[in-house]
Structure formats: C-alpha cells, structure tokens
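Going by this note's numbering, the first residue of the sequence shown is number 253, and it counts up by one from there. The C-beta atom is built at its ideal place from N, Cα and C for all residues, glycine as well.
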Amino acid sequence: MTQQTPLHSWIAKKIGCPPEALTRAAIESYQLDKLNETLVLCRARSPFYRKKLAGLPEKMSSLAELQALPFTTADDVRERPLTLLTVSQSEIARVVTLDTSGTSGPPKRLYFTAADQELTRDFFHIGMATFTAPGDRVLILLPGERPGSVGDLLAQALPRLGAVGIAHGLVIDVKQTLEILQAEKATGVVGMPVQVLALVRAAITQQMPRPQLKSVLLTTDHVPAAIVQAVENAWNCTVYNHYGMTEMGLGGGVECAARTGYHLREADMLFEIVDPETGELLPDGAYGELVFTTLTRQGMPLIRYRTGDISRFLPGACACGTNLRRLETVRYRWHGRFPHTTTSFLTMADLDDALFPLPGVLDFAAVVSANQLQVTVQAEEMGGLETAVTHAITNLPAVRQLGLAVSVQVQSDRVSPPGKRQLTMLPAGTRSA
Ligand SMILES: [Zn+2]
Numbered sequence: 253m254t255q256q257t258p259l260h261s262w263i264a265k266k267i268g269c270p271p272e273a274l275t276r277a278a279i280e281s282y283q284l285d286k287l288n289e290t291l292v293l294c295r296a297r298s299p300f301y302r303k304k305l306a307g308l309p310e311k312m313s314s315l316a317e318l319q320a321l322p323f324t325t326a327d328d329v330r331e332r333p334l335t336l337l338t339v340s341q342s343e344i345a346r347v348v349t350l351d352t353s354g355t356s357g358p359p360k361r362l363y364f365t366a367a368d369q370e371l372t373r374d375f376f377h378i379g380m381a382t383f384t385a386p387g388d389r390v391l392i393l394l395p396g397e398r399p400g401s402v403g404d405l406l407a408q409a410l411p412r413l414g415a416v417g418i419a420h421g422l423v424i425d426v427k428q429t430l431e432i433l434q435a436e437k438a439t440g441v442v443g444m445p446v447q448v449l450a451l452v453r454a455a456i457t458q459q460m461p462r463p464q465l466k467s468v469l470l471t472t473d474h475v476p477a478a479i480v481q482a483v484e485n486a487w488n489c490t491v492y493n494h495y496g497m498t499e500m501g502l503g504g505g506v507e508c509a510a511r512t513g514y515h516l517r518e519a520d521m522l523f524e525i526v527d528p529e530t531g532e533l534l535p536d537g538a539y540g541e542l543v544f545t546t547l548t549r550q551g552m553p554l555i556r557y558r559t560g561d562i563s564r565f566l567p568g569a570c571a572c573g574t575n576l577r578r579l580e581t582v583r584y585r586w587h588g589r590f591p592h593t594t595t596s597f598l599t600m601a602d603l604d605d606a607l608f609p610l611p612g613v614l615d616f617a618a619v620v621s622a623n624q625l626q627v628t629v630q631a632e633e634m635g636g637l638e639t640a641v642t643h644a645i646t647n648l649p650a651v652r653q654l655g656l657a658v659s660v661q662v663q664s665d666r667v668s669p670p671g672k673r674q675l676t677m678l679p680a681g682t683r684s685a
C-alpha cells in the first residue's frame, strides 16, 4: 500500500480533527472560517483590500461565494505592495524582492512576518517527511545565504524531523558540489531540475562514484519528466516534485509516495482553478489558471491571487488514501504560450520534453518569433548534437503547425541564469541577433 502523505495528518491537526475524520466537508468548513477571518483582517488593515472589497458581503456563508470576490494580480503586488500589508512594517521579518528581468516596472515585493515564516518552516518539515527519515543528511542546492530564504528555512526545518540540512546554495562549480555530496555523505538532495541534471551528467562523464542518495526533491515551475528519469536512472534514487512560489510563502505542495500530482497546503491556502480568459471557476478535472487565497497569512494576505500557472485538479482519490486534492504537475504559464491566440501553441515544457531526453543536453534557451525558433543548447560535448536537437524540435506538433524555421546552436557555456527558464518571445517582425 502506498504510504499516506504526511500532509494528511498535519492538516487534520491544524483543522482540529482526528486524521480519520478529515473529510472534504471538514476541510471546507475550516477554510470558510479562515477565509472570513482573512476578509475581516484585510478590511480592517489593508487600504488596498478595503477599497477592493467595498460593497461586497461582509461574510461568506459558503465557499461558492468566493467567486464574487475580485482577483488580486501580480501587478497589484508590483505596483502598491505596502497597501496590501495588514501589519506595520516593523512587524515584517522578511521582504522578498523577485527578479523581474524581462518585465518592465517596479520589482515584485512580498512581505512576511515571523509567524508567516514559521508556517513555511512547518510545511517544509512535514513535506520533507514524505521521503526523509531521522538521521538523513540533505544537501540543499537552493539560495540560502539570507535569513528567511528558501534554503535557510529548509535547513531549519529538517532538524525537526531528526535530519540534517546542509546549506549549499546554487550550484556554481559542478565538480566541487559533487565532491561535497560525497564528503557530506548526503542521503538526499533538494535542487532545481537543470542544476541537478548537470551534476548527474558530470558525475557520469567524470566517472565519479555514484552518491548514495535515497531521494531527490526537484523544485521549480516545471519539472521535466526526462530529468526525473535521468536522475533516477543515474543515481538509483526516487525523485519527488515540489511546487511553490514566493507568493505562496515559498512552499505550495509536494508529491506523496504515489507521485501523481502535488498535495497542497490546504489548511494555509484555498486553491481554485479558473478560466484564464473569463475568470470563471472550473470544475475538478478541467485545465485552467491556478488561483489561491491565503488563509493563515499575517503580513500580506492575498485574496484570489492569480498565479498564471496552468494546471488542473486530478479527478478521483489519490492512491495514498488521503482526501486532500491533487494538483497535476504544472507544465506552463498562461503567458508562457506561443502564440497566445491559437489552440496550437508551443511552451518551454514542450521543448523540455523534446530535448532533455537527449544525452549530453544540460540546458537550453529558446527565442521564438512569428516564423522562427532559435534554440541555444548547453551541452557537455558538441559532436552530433545539433542534428539530434534540430530533429527533436522540428518533430514537435506545434513547431510544424506554426511553420517555424528552427535554428540550433550548441555551446559549452551556460545559456541561462539558474532557475529562470522561459520561452523568450519576440514581437512579430523582429529578429534576434
Ligand atoms: Zn497522495
């Protein structure tokens, strides 16, 4: 039998019911109470929400009424972050400024109190328990220098389950990180897919001993299946996916042992799937934009925040036996489709699935315009790869249907900064250099 997600009993405890009594009705009744508390807090303290919620019912009597509330967008957060705060700035323990390269205007800033950070630590502790046991040693390949950063919170969470978190930071020197992996006798790794793939492929070419890992947690917006496969094959370990964004308090959801979609922090956030064009709520099983409302956030609550991520709630129960919902692995963002206007479109995930199965591919960057797709591949060895990459891309249905001319360049240098991988779109009529 598949081991039940530890999020089940954790959420039951937060809701105040025994694990066997965690029904959808119990979860939703708790969520409704917390939603109403959040609305009271927002009206009382946040100028932005006071204005936004003016004239709307003071209290929701069912979760269905949530649809009457307006959305909060990334632009709202970007343009007037301080008006969203429900505490004084002196109570803020951590401000995260998000890299907004590629977008104009002010950067996005998210504000968290110490209590908000504790909620994240708590989630990391329980989520990691899915595949981490007392005595395990987990190498954390995420930014962790600043107090309250994702790597720092994770390093603080692991000792709570009797494990050791080894803060490392992003991988800069692949060989050095591989040596640390050995020297630290790590049993687990948490990192970004492309960074972990680079370790796996370098370990093979440099004939380094295989690390004795039990599990790897990959975290980012889209985790390519080919990278999961490559890591599992090379290191004989089990790979899990985490999904989260800063707006969610860094952590959002994590796969259970069944590995069929993420279980979410349903006691801290209320998730909906809406039609990205009309904003209408969609039923379970339908693809749409993920929207969430914070239920326990103190510093900067978000009501119906539009993530831009496209996914769906998987119908049916999880094999692990929980009543928690499952969000299907996110493949792309609504604005990450090219073109926006047609039903046949190309996404970075399509290219990921085509290119990462090719041995030697470490990463790639892609620039697309009305009639051209330029792909720059970072590879260990250049020989012969250009043909294989071109072949894989030209065979993609979207590339064929859109009639894109494909050009490929293979190089050994890094093609994109860690973490930020997206399809770069040029307006019609422009050509990249
Ligand atoms: Zn499950």
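Burial state of residue i, where buried means 16 or more other Cβ atoms lie within 10 Å
| i | result |
| --- | --- |
| Thr325 | exposed |
| Thr290 | buried |
| Thr652 | The question names Thr, but residue 652 in the sequence shown is Arg. Exposed, since its Cβ has fewer than 16 Cβ neighbours within 10 Å. |
| Gln428 | exposed |
| Gln663 | exposed |
| Ala685 | Only weak support exists for where Ala685 lies, its pLDDT of 44 falling under 50; the coordinates are left without a value. |
| Ser467 | buried |
| Pro322 | exposed |
| Ser563 | buried |
| Gly496 | buried |
| Gln369 | buried |
| Arg453 | buried |
| Ser313 | exposed |
| Leu308 | exposed |
| His420 | buried |
| Pro535 | exposed |
| Ala538 | exposed |
Given residue i as reference, the closest of the options once Cα atoms are compared
| i | options | result |
| --- | --- | --- |
| Lys265 | Pro611, Lys672, Ala519 | Ala519 |
| Met677 | His643, Asp374, Leu598, Glu529 | Leu598 |
| Arg511 | Glu524, Leu469, Arg549 | Leu469 |
| Gln434 | Ile424, Arg583, Gln464 | Gln464 |
| Phe523 | Arg577, Leu656, His494, Gly573 | Arg577 |
| Leu293 | Met444, Leu336, Val416, Gln341 | Leu336 |
| Ala316 | Ser281, Gly505, Ala345, Val329 | Ser281 |
| Thr384 | Gly396, Tyr363, Arg412, Thr365 | Arg412 |
| Arg373 | Thr593, Val423, Gly504 | Gly504 |
| Ala381 | Leu534, Thr548, Gly531, His260 | His260 |
| Glu580 | Glu507, Glu638, Ala606, Leu284 | Glu507 |
| Met634 | Gln661, Ile645, His592, Val620 | Gln661 |
| Thr548 | Thr593, Glu529, Thr559, Gly501 | Gly501 |
| Arg585 | Gly568, Phe300, Lys672, Ser401 | Lys672 |
| Leu305 | Val613, Glu499, Ile555 | Ile555 |
Continuous alpha helix (DSSP H) stretch holding residue i: start and end
| i | result |
| --- | --- |
| Met253 | Per DSSP, Met253 belongs to no alpha helix (DSSP H) and is neither H nor E. |
| Asp605 | 600-607 |
| Glu431 | 426-435 |
| Ile267 | 258-267 |
| Val662 | Val662 -> not in any alpha helix (DSSP H); beta strand (DSSP E) instead, spanning 657-663. |
| His515 | Run containing His515: none in the alpha helix (DSSP H); it sits in the beta strand (DSSP E), 514-516. |
Own chain residues within Cβ distance below 6 Å of residue i, not counting five before or after
| i | result |
| --- | --- |
| Ser659 | Gln626 |
| Ala618 | Leu603, Val627, Leu675 |
| Leu274 | Ala264, Asn575 |
| Ala640 | Leu610 |
| Pro333 | Arg361 |
| Gly513 | Leu566, Arg578, Leu579, Glu580 |
| Arg517 | Phe375 |
| Thr490 | Ser467 |
Beta-carbon proximity list for residue i, same chain, < 8 Å, skipping 5 on both sides
| i | result |
| --- | --- |
| Pro649 | Ser596 |
| Gln481 | Pro609 |
| His377 | Ala409, Leu410, Arg412, Leu413 |
| Pro670 | Leu422, Val423, Met444, Val446, Gln447 |
| Ala571 | Thr254, Ala510, Thr512 |
| Pro476 | Pro445, Ala601, Asp604, Asp605, Phe608 |
Close Cβ partners of residue i (< 7 Å) along its chain, the five nearest in sequence each way excluded
| i | result |
| --- | --- |
| Arg302 | Arg295 |
| Ala278 | Ile267, Cys269 |
| Gly573 | Gln256 |
| Lys437 | Arg389 |
Residue span of the beta strand (DSSP E) that contains residue i, given as start and end
| i | result |
| --- | --- |
| Leu675 | No beta strand (DSSP E) contains Leu675, which DSSP labels as neither H nor E. |
| Ile562 | 557-563 |
| Asn693 | Residue 693 is absent from the structure shown; the chain starts at 253 and stops at 685. |
| Thr457 | Not the beta strand (DSSP E): Thr457 falls in the alpha helix (DSSP H), residues 445-457. |
| Thr628 | 624-631 |
| Val423 | No beta strand (DSSP E) contains Val423, which DSSP labels as neither H nor E. |
| Ala618 | 613-620 |
| Thr471 | 467-471 |
| Thr545 | 540-546 |
| Glu524 | 521-526 |
Below-7 Å beta-carbon distance, residue i vs any chain B residue
| i | result |
| --- | --- |
| Thr628 | Checking the listed chains, one finds no chain B in this structure; it contains a single protein chain. |
Which residue spans inside the region 283-315 form an unbroken beta strand (DSSP E) run of at least 3? Counting only runs of 3 or more, we get nothing.
Jot down the residue ranges of each uninterrupted alpha helix (DSSP H) in the region 322-406, minimum 4 residues, whole runs only, in chain order. Within the region 322-406, the complete alpha helix (DSSP H) runs of at least 4 residues are 326-331, 366-380.
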